[in-house]
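A short write-up of the structure that comes next.
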Ligand code: SF4
Ligand code: SF4
Ligand code: SF4
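Residue numbers (the numbering used here): 390 to 681.
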């Protein structure tokens, strides 16, 4: 913790950045904090409560954050992947941000309390299962000691496989029931670091592509659109599902799309921004199945 706080203090003292975006302890777990002076650096923490993907604050939709000046952002490995996505898609330039990477031992699925939880198979976040980026890549500064691997949790792959094993009718029934609870509040979109369109397709009214009242037809249209727009881009940070007030298992949709993109293009979301994603790269031997 002291290494993280000292690093942040030095960056602010030297004028390298005007704000450090990290986590602080709150009554109900960790929460994002914006530190703008050296004295505030003692508020910074990093432990299993620090679930938020702070890359969302580098999203160009957050102009009020950009107005604070050059930022240093504390990132776990999975958050660094989201930053790489913004760099890959030219929503950010590398000199705009200082990345302070933290070595990670996993985070809790939540909700969290005032103390760091002990991670067990039941309390660790699904996204941490088999994580291979616990030491973030592409960061400017790396802090913290190596941490033990998070415990094995019920993997998203197993849950997706269980859904795949259902008949199409049963799978449709499952998603119809789940999506019927969606209120189209768009908290999932707001929490996503890679959802950055200045004007989301659901807000376009002439023509209106998606019905925005909360009923089956509009809800399906919204979720099919959201999933497709994030295919090959979603980093699996789980923030959309965590933000959903009605508990829709969006991670299952995201994971399924990751599997499909891998099957079609051999692509897994990379933390290297120079590796092109299928959505932005075209090759003559691309599969044409989608236009059959
Ligand atoms: S996915 Fe990896 S880097 Fe992200 S919180 Fe879990 S263990 Fe840490
Ligand atoms: S769709 Fe969800 S899991 Fe994927 S990057 Fe966005 S917030 Fe994270
Ligand atoms: S956060 Fe949940 S309820 Fe709100 S739009 Fe997204 S899926 Fe629907």
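The beta carbon of each residue, even a glycine, is placed where N, CA and C say it ideally should be.
Bridge partners for residue i per DSSP, in chain order?
{"i": "residue 462", "result": "410, 488"}
{"i": "residue 420", "result": "413"}
{"i": "residue 530", "result": "489"}
Closer than 7 Å: is that where the CB of residue i sits relative to any heavy atom of ligand 1?
{"i": "residue 607", "result": "no"}
{"i": "residue 462", "result": "no"}
{"i": "residue 418", "result": "no"}
{"i": "residue 421", "result": "no"}
{"i": "residue 496", "result": "yes"}
{"i": "residue 466", "result": "yes"}
{"i": "residue 514", "result": "yes"}
{"i": "residue 644", "result": "no"}
{"i": "residue 629", "result": "no"}
{"i": "residue 522", "result": "yes"}
{"i": "residue 589", "result": "no"}
{"i": "residue 535", "result": "no"}
{"i": "residue 430", "result": "no"}
{"i": "residue 506", "result": "no"}
{"i": "residue 539", "result": "yes"}
Whose CA, out of the options, lies closest to the CA of residue i?
{"i": "residue 470", "options": "611, 582, 618", "result": "582"}
{"i": "residue 670", "options": "622, 639, 647", "result": "622"}
{"i": "residue 411", "options": "427, 461, 426", "result": "461"}
{"i": "residue 444", "options": "450, 421, 472", "result": "472"}
{"i": "residue 417", "options": "393, 464, 429, 497", "result": "497"}
{"i": "residue 533", "options": "605, 466, 672, 407", "result": "466"}
{"i": "residue 395", "options": "404, 427, 422", "result": "427"}
{"i": "residue 404", "options": "393, 390, 419, 458", "result": "458"}
{"i": "residue 646", "options": "633, 616, 499", "result": "616"}
{"i": "residue 661", "options": "433, 401, 548, 526", "result": "526"}
{"i": "residue 456", "options": "630, 474, 485", "result": "485"}
{"i": "residue 528", "options": "572, 464, 482", "result": "464"}
{"i": "residue 531", "options": "422, 565, 487", "result": "487"}
{"i": "residue 691", "options": "509, 433, 578", "result": "Because the chain here runs from 390 to 681, residue 691 falls outside it and cannot be looked at."}
{"i": "residue 448", "options": "587, 424, 574, 415", "result": "587"}
{"i": "residue 635", "options": "431, 573, 435", "result": "573"}
{"i": "residue 434", "options": "393, 423, 663, 407", "result": "393"}
{"i": "residue 566", "options": "633, 509, 608, 627", "result": "608"}
{"i": "residue 625", "options": "569, 599, 546", "result": "546"}
{"i": "residue 629", "options": "415, 501, 575", "result": "575"}
Tell me whether residue i counts as near ligand 2, meaning its Cβ is closer than 7 Å to at least one heavy atom of that ligand.
{"i": "residue 624", "result": "yes"}
{"i": "residue 471", "result": "yes"}
{"i": "residue 443", "result": "no"}
{"i": "residue 662", "result": "no"}
{"i": "residue 581", "result": "yes"}
{"i": "residue 619", "result": "yes"}
{"i": "residue 493", "result": "no"}
{"i": "residue 586", "result": "no"}
With a threshold of 7 Å (Cβ to nearest heavy atom), would residue i be considered close to ligand 3?
{"i": "residue 573", "result": "yes"}
{"i": "residue 599", "result": "no"}
{"i": "residue 638", "result": "no"}
{"i": "residue 635", "result": "yes"}
{"i": "residue 577", "result": "yes"}
{"i": "residue 616", "result": "no"}
{"i": "residue 566", "result": "no"}
{"i": "residue 632", "result": "yes"}
Is any heavy atom in ligand 4 found nearer than 7 Å to the beta carbon of residue i?
{"i": "residue 593", "result": "In the structure on display, ligand 4 does not appear, and the ligands it does have are ligand 1, ligand 2 and ligand 3."}
Indicate whether at least one CB of chain C lies closer than 8 Å to the CB of residue i.
{"i": "residue 602", "result": "Here chain C cannot be found, since the structure has a single protein chain."}
- prompt: Given 8 Å as the limit, is there contact between the stretch 586-599 and the stretch 434-448, that is, 3 or more CB pairs closer than that?
  reply: Verdict: no, contact absent.
task: State whether the stretch 636-646 contacts the stretch 450-458, with contact taken as three or more CB pairs (one from each stretch) at a distance under 8 Å.
output: No contact exists between the stretch 636-646 and the stretch 450-458.
query: With a cut-off of 8 Å, do at least 3 Cβ pairs link the stretch 529-548 to the stretch 512-521?
result: Verdict: yes, contact present.
query: Taking one C-beta from the stretch 552-566 and one from the stretch 486-493 each time, how about it: are there three or more such pairs within less than 8 Å?
result: Taking a cut-off of 8 Å on C-beta distances, the stretch 552-566 does not touch the stretch 486-493, as fewer than three cross pairs fall below it.
query: Would the stretch 498-507 and the stretch 518-535 be scored as touching if the rule is three or more Cβ pairs under 8 Å?
result: With a cut-off of 8 Å, the stretch 518-535 and the stretch 498-507 do not count as touching, because too few Cβ pairs lie within range.
message: Does the contact criterion of 3 or more C-beta pairs under 8 Å hold for the stretch 473-488 versus the stretch 607-620?
response: As far as the Cβ criterion goes, the stretch 473-488 does not touch the stretch 607-620, which means the pair count is below three.
message: I want to know whether the stretch 594-604 touches the stretch 545-554 - three or more CB-CB distances under 8 Å.
response: With a cut-off of 8 Å on Cβ pairs, the stretch 594-604 is not in contact with the stretch 545-554, counting fewer than three such pairs.
query: Should the stretch 618-633 be regarded as contacting the stretch 651-660, the criterion being three or more beta carbon pairs within less than 8 Å?
result: The stretch 618-633 is in contact with the stretch 651-660.
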